[in-house]
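Per UniProt numbering, the sequence shown starts with residue 1, numbered consecutively. Even for Gly, the Cβ is constructed at its ideal location relative to N, Cα and C.
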Amino acid sequence: MHPDAGRTRAVDPEPRVEAAEGAQEPATRASAGARPATIYDVATMAGVSHQTVSRYLKGYEGIRPETRERVVQALDALDYRPNLTARTLTTGRSHRIGALTHELDQFGPSRIVQGAAAAAREAGYLLDIVTLDMSDARAIAKALSLVRQHDLAGILAFSSTDEMTRAFEAADFKVPVYLGTEEDDAFSDRSELTSVGIPALVGHLAELGHRRVLHVAGPSRWAAARNRARAFEVAVDAHGMRSTGVIHGDWSARSGHEAIAGLPGERLDFTAVVAANDQMALGVMLALAERGLRVPEDVSVTGVDDIPEAAYFSPPLTTLSVDFVEQGRVAFQQLLGRVVGTPPPDAVALPSHLVVRRSTAAAARSLK
Numbered sequence: 001m002h003p004d005a006g007r008t009r010a011v012d013p014e015p016r017v018e019a020a021e022g023a024q025e026p027a028t029r030a031s032a033g034a035r036p037a038t039i040y041d042v043a044t045m046a047g048v049s050h051q052t053v054s055r056y057l058k059g060y061e062g063i064r065p066e067t068r069e070r071v072v073q074a075l076d077a078l079d080y081r082p083n084l085t086a087r088t089l090t091t092g093r094s095h096r097i098g099a100l101t102h103e104l105d106q107f108g109p110s111r112i113v114q115g116a117a118a119a120a121r122e123a124g125y126l127l128d129i130v131t132l133d134m135s136d137a138r139a140i141a142k143a144l145s146l147v148r149q150h151d152l153a154g155i156l157a158f159s160s161t162d163e164m165t166r167a168f169e170a171a172d173f174k175v176p177v178y179l180g181t182e183e184d185d186a187f188s189d190r191s192e193l194t195s196v197g198i199p200a201l202v203g204h205l206a207e208l209g210h211r212r213v214l215h216v217a218g219p220s221r222w223a224a225a226r227n228r229a230r231a232f233e234v235a236v237d238a239h240g241m242r243s244t245g246v247i248h249g250d251w252s253a254r255s256g257h258e259a260i261a262g263l264p265g266e267r268l269d270f271t272a273v274v275a276a277n278d279q280m281a282l283g284v285m286l287a288l289a290e291r292g293l294r295v296p297e298d299v300s301v302t303g304v305d306d307i308p309e310a311a312y313f314s315p316p317l318t319t320l321s322v323d324f325v326e327q328g329r330v331a332f333q334q335l336l337g338r339v340v341g342t343p344p345p346d347a348v349a350l351p352s353h354l355v356v357r358r359s360t361a362a363a364a365r366s367l368k
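Below, the structure written as structure tokens:
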């Protein structure tokens, strides 16, 4: 998900630049303590001109992929650190980006910020991360006021909840802003952008013969939770299955456990559970075991996110692997386009793919 290549023109092939005889050797990691690397060192190692290195650091897109790769490798090998203060004085433009976020203890939001930070570094920008406490309106207002006092090129405002989205939309930041929030499918005709692969997950269960499925959803104030629940209901209906209900949790394993433990009666009326994230799926599996039910022999369980621990659940969890890091990268590219005045990339579906493990199997015959 990078800016449309059709909108930019690749520069002519960059000739490899040979170091002149007697020229100073470029700095290396080993010698970095004596002399910090410069863009001239980077250019020599990459075999390009220093102007090409400068264009890369400024975020220009018209650089051939093979040339870009050589520059990236040289920057890493030399541990190059741009002097952002000097660049600001020279260009009159800040190279610091403010990233406002919350719920960094959640897998998705934390990976999105990681992706944005990586993209910022590659473009020669520094990402200043500000974590907001969404339960304290005064603290949010104070933090937003403080951010406006700093010399920033732009702001990434990552929001997962309705409350934070409203706070960001009401703020006057005085600089370019990209609001990174999931669009609510109830007001959009492009649900493919936010379903994160739920149709594929439900389709997998349908192929296994499941006909009655329960959904353990995230908190309703999160657009992502509402979208996943809506995608679940649509997919279940499309496959001729029946939803036995939607129970809202708070993304935690505890809430997933409570969703199943709180169900009345001894006999459950579903053969599969689709949890809106992997942590809640973990709690679901424990609660099923406490009720004497086996996963997947009696009930299949799936999650969303593919957190690193998902492969080590007992049994390993069938889930959707979602590329949140790429989402963060695209968010930064969207903002960078507004900062430097270039066309931003088009909105595309968040990359995801189904990861089938041992928590799903053919539906139990008694409840098919």
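Which residues in the same chain have their Cβ closer than 7 Å to the Cβ of Val295, if we skip the five residues on either side of it in sequence?
Taking the first residue of the sequence shown as 1, we reach residue 295 at position 295. Correct list, in chain order: Met285, Leu288, Val301, Pro315, Ser359.
Let me know the secondary structure DSSP gives Asp41 once reduced to three states.
As a working note, residue 41 is residue 41 in the sequence shown. Here Asp41 sits in helix by DSSP.
Measuring straight from C-alpha to C-alpha, what distance separates Val113 and Gly265?
In the sequence shown, counting from the first residue as 1, residue 113 sits at position 113. In the sequence shown, counting from the first residue as 1, residue 265 sits at position 265. The alpha-carbon atoms of Val113 and Gly265 are separated by roughly 43 Å.
Under 8 Å between the Cβ atoms of Leu126 and His95?
Numbered from its first residue, the sequence shown carries residue 126 at position 126. Numbered from its first residue, the sequence shown carries residue 95 at position 95. Going by C-beta atoms, Leu126 is nearer than 8 Å to His95.
Residue range of the unbroken beta strand (DSSP E) whose run includes Tyr178
Your numbering for residue 178 matches position 178 in the sequence shown. Start and end: 177 to 181.
Can you check whether the CB of Ala99 is closer than 8 Å to the CB of Phe168?
Sequence index remark: in the sequence shown, residue 168 carries index 168 (1-based). Sequence index remark: in the sequence shown, residue 99 carries index 99 (1-based). Cβ atoms of Phe168 and Ala99: not closer than 8 Å.
Segment contact, 8 Å Cβ cut-off, at least three pairs: the segment 309 to 323 with the segment 274 to 283:
yes
Distance CB(Ile198)-CB(Ala225) smaller than 8 Å:
For the purposes of this step, residue 198 is identified with residue 198 of the sequence shown, where counting begins at 1. For the purposes of this step, residue 225 is identified with residue 225 of the sequence shown, where counting begins at 1. It is not a contact, given that the beta carbons lie outside the stated cut-off.
Going by CA-CA distance only, name the one from Leu201, Gly209, Met45 that's closest to Gly234.
Position 234 of the sequence shown, counted from the first residue, corresponds to residue 234. In the sequence as displayed, the identity of residue 234 is Val instead of Gly. Minimum Cα distance to Val234 is reached at Leu201.
Along the chain, where does the alpha helix (DSSP H) containing Phe332 start, and where does it finish?
For the purposes of this step, residue 332 is taken as residue 332 along the sequence shown, with counting starting at 1. Counting along the chain, the alpha helix (DSSP H) containing Phe332 begins and ends at 324 to 340.
Rounded to the nearest angstrom, what separates Glu207 and Tyr178 at their Cα positions?
As a first step, residue 207 must be located in the sequence shown, where it is residue number 207. As a first step, residue 178 must be located in the sequence shown, where it is residue number 178. Their Cα atoms are separated by approximately 40 Å.
Nearest residue (CA-CA) to Leu214, options Arg70, Val356, Leu268
Counting from one through the sequence shown, the residue named residue 214 turns up at place 214. Measuring from the Cα of Leu214, the nearest candidate turns out to be Leu268.
Spell out whether any CB of chain B is found under 8 Å from the CB atom of Val236.
Chain labels in this structure do not include chain B; a single protein chain is all it has.
Starting from Arg294 and walking both ways along the alpha helix (DSSP H), at which residues does that stretch end?
Sequence index remark: in the sequence shown, residue 294 carries index 294 (1-based). Unbroken run through Arg294: none, as it is neither H nor E.
Buried or exposed (CB count within 10 angstroms, at least 16 for buried), Glu309
Start at 1 with the first residue of the sequence shown, and residue 309 comes out as number 309. Glu309 is exposed by the Cβ-count criterion.
Taking Ala349 as the reference, give the member of Asp323, Leu336, Leu335, Arg338 with the closest Cα.
Position 349 of the sequence shown holds residue 349. Closest option to Ala349, Cα to Cα, is Asp323.
Strictly by DSSP, which residues pair up with Thr165?
Here residue 165 corresponds to residue number 165 of the sequence shown, with the count starting at 1. DSSP output for Thr165 lists no bridge partner at all.
Can you list, in chain order, the residues of its chain whose CB lies under 6 Å from that of Ala259, leaving out five sequence neighbours each side?
In the sequence shown, counting from the first residue as 1, residue 259 sits at position 259. Hits under 6 Å: Val216, Ile247, Gly249.
Which residue or residues does DSSP assign as beta-bridge partners of Arg242?
Here residue 242 refers to the residue found at position 242 of the sequence shown. Bridge partners of Arg242: Arg212.
Rank Gly209, Gly180, Gly115 by C-alpha distance to the C-alpha of Glu297 and give the top, closest one.
In the sequence shown, residue 297 corresponds to position 297, counting from 1. Of the listed residues, the one whose Cα sits closest to Glu297 is Gly209.
Uninterrupted alpha helix (DSSP H) stretches inside the segment 241 to 321 (no shorter than 4 residues)
253 to 261, 278 to 290
Take the Cβ of Ala311 as the centre, count every other Cβ of all protein chains shown within 10 Å, and call the residue buried at 16 or more, exposed below.
Within the sequence shown, the letter at position 311 stands for residue 311. Looking at its Cβ environment, which holds fewer than 16 other Cβ atoms inside 10 Å, Ala311 is exposed.
By DSSP, does Phe158 sit in helix, in strand, or in coil?
Against the sequence shown, residue 158 aligns to sequence position 158. Phe158 falls in the strand class under three-state DSSP.
Could you give the DSSP three-state label for Leu350: helix, strand or coil?
Reading the sequence shown from its first residue, position 350 is the one you call residue 350. Coil.
Using DSSP bridges, identify the partner residues of Gly124.
Numbered from its first residue, the sequence shown carries residue 124 at position 124. Its beta-bridge partners do not exist; DSSP assigns none.
Do Val299 and Ala272 have their CB atoms nearer than 8 Å?
Along the sequence shown, read from residue 1 onward, the residue named residue 299 stands at position 299. Along the sequence shown, read from residue 1 onward, the residue named residue 272 stands at position 272. Contact: yes.
Rounded to the nearest angstrom, how far is the Cβ of Thr131 from that of Thr101, given a contact under 8 Å?
The residue labelled residue 131 in the question sits at position 131 within the sequence shown. The residue labelled residue 101 in the question sits at position 101 within the sequence shown. Rounded, the Cβ-Cβ distance is 6 Å, consistent with contact.
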